[in-house]
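Residue numbers (the working numbering): 45 to 683. Note that beta-carbon positions come from the ideal geometry of N, C-alpha and C, so glycine has one too. Nothing here was measured: the structure is a model prediction, and the numbers come from that model.
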């Protein structure tokens, strides 16, 4: 026993150590500006003294105001058209197509001059002035003269759009982004001083400069020690969550490695993306990691593991905000994705997930009065929500790598059009009907106790597939013909019956069924005895020491789903012998079979608790009561 436990311990510990080392190596190597502050509240720390010179940055609102003012003061550039001779009779310095609101900047050769609006004239005004002059000189000939002369009046100032936009772009790029400088040694904020908008802007500017260029300025060994403690806490929390939610996970090494890999993916994405550009973290589809785990594990297991996998977000910029946004998205997906996992509904699920994240983001922006609402982040959240849909098919890759079976794969195997089930229905119709009833019973009981209903159903559908090799050996396929066992000894009959387990394993492997379903074939009889032939053997004077010849090879079931299939298999078969389907008769049948399995030791390794077993018994009684309910007697109609 000791030789087994030590390798098992190492197999569980080594991946955790590797995970810890990777987490520690990727954690930020810069110290955090660890002050919590908000406008309108007092500064609760010691006086904050600037350690270095830093510029006080303008807020986004101030920058927008400056840009708006710059746009209003935008200068329009014109160039003098040398091909147009200016009529000196007009009292202006230039004629334009349209008269600008303000003055213009005129380029004439190498000279640049600003011309105010009062010294300009529009083309329409110039022609109107011409008409007035002509009428004053000769009213009768004015119209004919105007037609000849008006066409000769052309604008000599032409709008230069390219130069105007280039000058405006240059002015915008050179727009001041700072309000001043705070020098080293100056007090930014004093203890218990109420934080105003101006003070908060100074603290924000100091924090940004601190994180960007200075970071941690203490002992590097202390930084590594702090990161080491935090990484250890995160890994320890992950370990305790595994122990509490799935205590048998360490014996299932492929599932254990899969969960650690999903956690590692969050680490490998979070810190490199944050180092490249913090805003990109809003586009990372963290809820996809919850869906990966949900494909193979129940919600009660996934929820705490997913929340712990988000802990690295708490170590990055805006970590609390990102953590709550992604936690809300993941939890929402855990509870709705099973209903929205088909076809176009996945996109509806992605859209609703985006709305949940946008709501949390808006909440943070409402309480942060000094931070502007960045609409670009909403587009990043929308992209992340739809990336979760795009990445969901990767579960099939994880199936191959870790030898797991997702619920999507189980649903595919449960389709009655599957080739192996079709063959079973044609060659062994009685067994096929038996499997269908066991599947319905096992799925209902599994859902009643919170187990995996899809797994229980798939295991039940294939548990007796080995009977395909010799269908007539089993009573449900003998349609009134000659009894297969009439000329066989009790030992040979028991051997033929028991053989359907090994035949089923061989057939399942030939059809490449997942190993998790092959376990149902192995365990659905456990190590129980072929009671009918063993009893007959003893009546004929057989030796009790030969009992092992009449027993199945096992092993006994371990998972809740395997145990359910064993119980439902026996209950369904025995229910066909009932003459009375009253509540008392059904309850007595179910109680007797479960008690018999327990007395034989078939439930000793099962994960089912006593409370769950009671729920299973009630579920089976309820199912049989509904399946065999009394029918009304229709009156005979006389012709």
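Task: Burial state of residue 181 (16 or more Cβ within 10 Å) - done: Exposed is the call here.
TODO: Along the alpha helix (DSSP H) that carries residue 239, what are the first and last residues, could you check?
DONE: That residue, residue 239, is in no alpha helix (DSSP H); it is neither H nor E in DSSP.
Task: Extent of the continuous beta strand (DSSP E) to which residue 598 belongs - done: Element bounds for residue 598: n/a, residue is neither H nor E.
Open item on the list: Cutting at 7 Å between CB atoms, please list the residues of its own chain near residue 644, excluding the five before and the five after it.
Closed with: So the list reads 572, once near-sequence residues are dropped.
Open item on the list: Going residue by residue through the stretch 276 to 359, where are the continuous alpha helix (DSSP H) segments of at least 4 residues, counting only ones entirely within it?
Closed with: The stretch 276 to 359 contains these whole alpha helix (DSSP H) runs: 297 to 320, 331 to 338 and 343 to 353.
Task: Three CB pairs or more closer than 8 Å across the stretch 589 to 596 and the stretch 639 to 654 - done: Segments in contact, no.
- [ ] For residue 273, count neighbouring Cβ atoms within 10 angstroms of its own Cβ and tell me buried if that reaches 16, exposed if not.
- [x] By the neighbour-count rule (16 or more Cβ atoms within 10 Å), residue 273 is not buried but exposed.
Task: Residue interval of the alpha helix (DSSP H) (run including residue 99) - done: Here residue 99 belongs to no alpha helix (DSSP H); instead the beta strand (DSSP E) covers 98 to 101.
TODO: Report whether the distance from the Cβ of residue 355 to the nearest heavy atom of the ligand FAD is below 7 Å.
DONE: Absent from the structure shown: the ligand FAD. Ligands present: none.
Open item on the list: Spatial neighbours of residue 48 within its chain, please: C-beta separation below 6 Å, excluding the five flanking residues on both sides.
Closed with: Bear in mind that a pLDDT of 44 at residue 48, under 50, signals an unreliable position, so the number given afterwards is only what the model happens to contain. Result list for residue 48: empty, nothing under 6 Å.
Open item on the list: Starting from residue 232, trace the beta strand (DSSP E) in both directions and tell me its first and last residue.
Closed with: Here the beta strand (DSSP E) through residue 232 covers 231 to 233.
Open item on the list: Run through the DSSP bridge pairs and tell me what residue 86 is partnered with.
Closed with: Residue 86 is bridged to 238.
Open item on the list: Within a Cβ cutoff of 8 Å, which residues of the same chain sit near residue 101, ignoring the five residues on either side of it in sequence?
Closed with: Correct list, in chain order: 221, 222, 223, 245, 248, 249 and 252.
Task: Strand pairing of residue 159, partner residues [DSSP] - done: For residue 159, which the question treats as bridged, DSSP gives the partners 148.
- [ ] Quick one: give me the first and last residue of the alpha helix (DSSP H) that residue 655 is part of.
- [x] Run containing residue 655: 654 to 671, per the alpha helix (DSSP H) assignment.
Open item on the list: For the beta strand (DSSP E) containing residue 497, name the first residue and the last one.
Closed with: Note, residue 497: premise wrong, no beta strand (DSSP E); alpha helix (DSSP H) at 497 to 506.
Task: Buried/exposed call for residue 605, threshold 16 Cβ in 10 Å - done: Looking at its Cβ environment, which holds 16 or more other Cβ atoms inside 10 Å, residue 605 is buried.
Task: Distance CB(residue 404)-CB(residue 352) smaller than 8 Å - done: No; because the gap between Cβ atoms is not below 8 Å, this pair is not in contact.
Open item on the list: Please list the terminal residues of the continuous alpha helix (DSSP H) segment that includes residue 208.
Closed with: Its alpha helix (DSSP H) spans residues 205 to 217.
TODO: Within 10 angstroms of the Cβ of residue 200, are there 16 or more other Cβ atoms? Answer buried if so, exposed if not.
DONE: Label assigned to residue 200: buried.
TODO: Measure the alpha-carbon distance for residue 362 versus residue 217 and round it to whole angstroms.
DONE: Each residue's CA atom was taken as its position, placing residue 362 and residue 217 some 28 Å apart.
- [ ] Using the Cα positions of residue 375 and residue 295, report the straight-line distance between them to the nearest angstrom.
- [x] So the two alpha carbons sit approximately 28 Å from each other.
Open item on the list: With a threshold of 6 Å on Cβ separation, who are the neighbours of residue 430 within its own chain once the five nearest residues in sequence on each side are excluded?
Closed with: Take residue 430, set aside five residues on each side of it, and the residues of its chain with a beta-carbon closer than 6 Å to its own are 394, in chain order.
Task: Distance CB(residue 378)-CB(residue 334) smaller than 8 Å - done: At the C-beta level, residue 378 and residue 334 come within 8 Å of one another.
TODO: With DSSP as the reference, label residue 142 as helix, strand or coil.
DONE: Coil.
Task: Identity of the residue in 617, 164 and 109 nearest residue 135 by Cα - done: The residue with the shortest Cα to Cα distance from residue 135 is 164.
Task: Status (buried if at least 16 other CB within 10 Å, exposed otherwise) for residue 150 - done: By the Cβ-count criterion, residue 150 is buried, with 16 or more other Cβ atoms from all chains shown falling within 10 Å of its own Cβ.
TODO: State the beta-bridge partners of residue 226 as determined by DSSP.
DONE: In the DSSP secondary-structure assignment, residue 226 is bridged to 98.
Task: Cβ pair residue 665, residue 630 closer than 8 Å - done: In this structure, the beta-carbon distance from residue 665 to residue 630 falls below 8 Å.
Open item on the list: Measuring alpha carbon to alpha carbon, tell me which residue in 120, 427, 440 and 496 is nearest residue 211.
Closed with: That would be 120, whose Cα lies nearest to the Cα of residue 211.
- [ ] Return the CA-CA distance between residue 45 and residue 68, expressed in angstroms with no decimal places.
- [x] Confidence in residue 45 is poor, its pLDDT being 37 and thus under 50, which makes the residue's placement too unreliable to answer from.
- [ ] Give me the Cβ distance between residue 527 and residue 475, rounded to the nearest whole Å; I'm assuming they're in contact under 8 Å.
- [x] The pair is not a contact, with the Cβ atoms about 17 Å apart (cut-off 8 Å).
Open item on the list: Check whether the stretch 466 to 474 and the stretch 527 to 539 are in contact - that is, three or more C-beta pairs closer than 8 Å.
Closed with: Because the criterion of three Cβ pairs below 8 Å is not met, the stretch 466 to 474 and the stretch 527 to 539 do not touch.
Task: Own chain, CB closer than 7 Å to residue 504, minus 5 neighbours either side, in chain order - done: Around residue 504: 479, 482, 483, 486, 609 and 612.
TODO: Within its chain, find whatever has a CB closer than 8 Å to the CB of residue 66; leave out the 5 residues flanking it on each side and keep chain order.
DONE: The residues are 308, 311 and 312.
Open item on the list: By alpha-carbon positions, which one of 359, 541 and 635 ends up nearest to residue 71?
Closed with: Looking at the Cα atoms, 359 is the closest of the given residues.
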